[in-house]
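Note sheet for the following structure.
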Amino acid sequence: METMYREERLRQILQILRTQKTVHVKDLAERFSRSTSSIRLDLTELEQRGLVIRTHGGAILAEGVEEGLVWDKQLLQQRLLQNEKAKQRIGKSAADLIQDGDSVLIDGGSTTYFAARALSRKSDLTIITTSVLLFPVLNSNPENRIILTGGMFHSEYMDLVGDISMDSIRRFSPDHTIIGVDGISLTSGLTSTEPSIAPLKREMIARSKDLIITADSSKFGKICLTHVADVSPEMTLLTDTALSEEILDTFLQNGLNLLMV
């Protein structure tokens, strides 16, 4: 419970920063009824996530964070309709990287939903997923083997989360891993709005041999509270052609494998 409470406290500290532009350790300690050493650890954590810059006795927002910061996501059903055609292309392109007979680990989300639809048209796949939303789509093809991780049901995201789901993921070493994210930036890497889902994504990345990140162009340059992983040349970033040339050039210049479809 303390972990979840801390994430909410970090979120509130960021909201205060967005309004006041600066925070002080003493004021935050009084506001949240925490010790000054605990608040310093909070600010250090936010600094490590690339969200703030520590100052003498406090912190300010890191450069570029305010305009790119994403606080919450739309409801899943709404996200399925947003940038739908772009997500369909991204999902199909992700599935095109998978061969019949492969094993795939895939998490839930509006873009991975379209990847799941495309995967269901392939044969002899072993697919492991945390997503209750994706399960019936994937299970529509009897030629594929579908494994649904256990765990606590997160109704807003239609995902299975928690220790049981984490333990299930650790049992596998799939040929490919497909995940979606809420934000992508060079400075903050892959980020998520949901603290309970971010650890699952980290574990999926740790288990992956071939990592495919599916994210429409609106996710680029966005930063969310919870860090998932740094971007690296080892992962394939799939997005759509609406991505700005400036962002494209910056990612390519840093040696990242970014494909627009």
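Residue numbering for the sequence shown is -6 to 254, as defined by our numbering.
The beta-carbon is built from N, C-alpha and C at its ideal position, and this holds for glycine as well.
{"Check": "Own chain, CB closer than 6 Å to Asn132, minus 5 neighbours either side, in chain order", "Outcome": "Ile139"}
{"Check": "Opening and closing residue of the beta strand (DSSP E) in which Arg47 lies", "Outcome": "45 to 48"}
{"Check": "Contact set for Ala222: own chain, Cβ-Cβ below 7 Å, skip 5 residues either direction", "Outcome": "Gly182, Leu183, Arg195, Ile198"}
{"Check": "Outcome for Ile157 when other beta-carbon atoms lying within 10 angstroms are tallied against a minimum of 16", "Outcome": "exposed"}
{"Check": "Where the beta strand (DSSP E) through Ser96 begins and ends", "Outcome": "96 to 99"}
{"Check": "Leu127 - DSSP class collapsed to helix/strand/coil", "Outcome": "coil"}
{"Check": "Short Cβ contact (8 Å threshold) for Ser103 with Lys80", "Outcome": "yes"}
{"Check": "For Gly51 and Thr15, believed in contact at Cβ under 8 Å, the rounded distance", "Outcome": "6 Å"}
{"Check": "Range covered by the alpha helix (DSSP H) that runs through Arg200", "Outcome": "191 to 200"}
{"Check": "Nearest-angstrom Cβ-Cβ length linking Leu62 and Ile216, presumed shorter than 8 Å", "Outcome": "5 Å"}
{"Check": "Selected residue, minimal CA-CA separation from Ser210, among Glu40, Pro226, Thr232, Ser225", "Outcome": "Thr232"}
{"Check": "Local conformation of Phe165 per DSSP, three classes", "Outcome": "coil"}
{"Check": "Cβ-Cβ separation, His169 to Val97 (assumed contact under 8 Å), whole Å", "Outcome": "5 Å"}
{"Check": "Through-space distance from Gly43 to Arg11, alpha-carbon basis", "Outcome": "15 Å"}
{"Check": "For Ala109, the nearest candidate out of Asp95, Ala88, Arg27, Asp93 (CA to CA)", "Outcome": "Ala88"}
{"Check": "Run of the alpha helix (DSSP H) containing Phe244, from where it starts to where it stops", "Outcome": "238 to 246"}
{"Check": "8 Å contact criterion, which Leu218 and Thr243 should meet: CB distance rounded", "Outcome": "About 23 Å separates the two Cβ atoms, so there is no contact after all."}
{"Check": "Boundaries (first-last residue) of the alpha helix (DSSP H) holding Asp89", "Outcome": "77 to 89"}
{"Check": "Coarse secondary structure for Ser178, derived from DSSP in three states", "Outcome": "strand"}
{"Check": "Residue of Ile6, Ser124, Leu54 minimising C-alpha distance to Leu193", "Outcome": "Ser124"}
{"Check": "Contact belief for Met145 with Gly101 at Cβ below 8 Å, rounded distance in angstroms", "Outcome": "14 Å between Cβ atoms; not a contact."}
{"Check": "Nearest-angstrom Cα separation, counted from Ile83 out to Gln13", "Outcome": "39 Å"}
{"Check": "Distance, Glu56 Cα to Asn134 Cα", "Outcome": "48 Å"}
{"Check": "Exposure of Asp175, with buried meaning 16 or more beta-carbon neighbours within 10 Å", "Outcome": "buried"}
{"Check": "Extent of the continuous beta strand (DSSP E) to which Thr229 belongs", "Outcome": "229 to 232"}
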